[in-house]
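Heads up: the sequence shown at position 61 corresponds to 94 in the working numbering, and the numbers run straight through without jumps. Comments concern the structure below.
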Amino acid sequence: MPDRRLALTNIASALQQQATALQALTKPDDSDLPVGMRLLLDAIDRVNVAASAPLDRRTVI
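Rendered as structure tokens:
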């Protein structure tokens, strides 16, 4: 199971890098980007929770 935890941590890290890049590219007139950013940050939170949860193949997140 440690491999799964490491994979989830790596995914969260990659998503965080994307969020940082997306934030850097945001322009004041971007209207849909804040919604997309919120969804991306929610996804990062879910992956972080999954990475810290007790892992079992039957666990659904």
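Don't be surprised by glycine CBs; every beta carbon is placed ideally from N, CA and C. Here the structure is a predicted model, which means the values were calculated and not measured.
Only counting the same chain, and skipping five residues up and downstream in sequence, which positions put a Cβ closer than 6 angstroms to that of residue i?
| i | result |
| --- | --- |
| Thr-59 | Leu-66 |
Less than 8 angstroms between C-beta atoms, sequence neighbours within five positions excluded: which residues of the same chain meet that for residue i?
| i | result |
| --- | --- |
| Leu-73 | Leu-48, Gln-51, Ala-52 and Leu-55 |
| Gly-69 | Leu-55 |
Among the residues of its own chain, which have a CB less than 7 angstroms from the CB of residue i, if the five just before and after it don't count?
| i | result |
| --- | --- |
| Pro-87 | none |
| Ala-45 | Ile-77, Val-80, Asn-81 and Ala-84 |
With a threshold of 16 other CB atoms inside 10 Å of the CB of residue i, please say whether the residue is buried or exposed.
| i | result |
| --- | --- |
| Val-82 | exposed |
| Leu-41 | buried |
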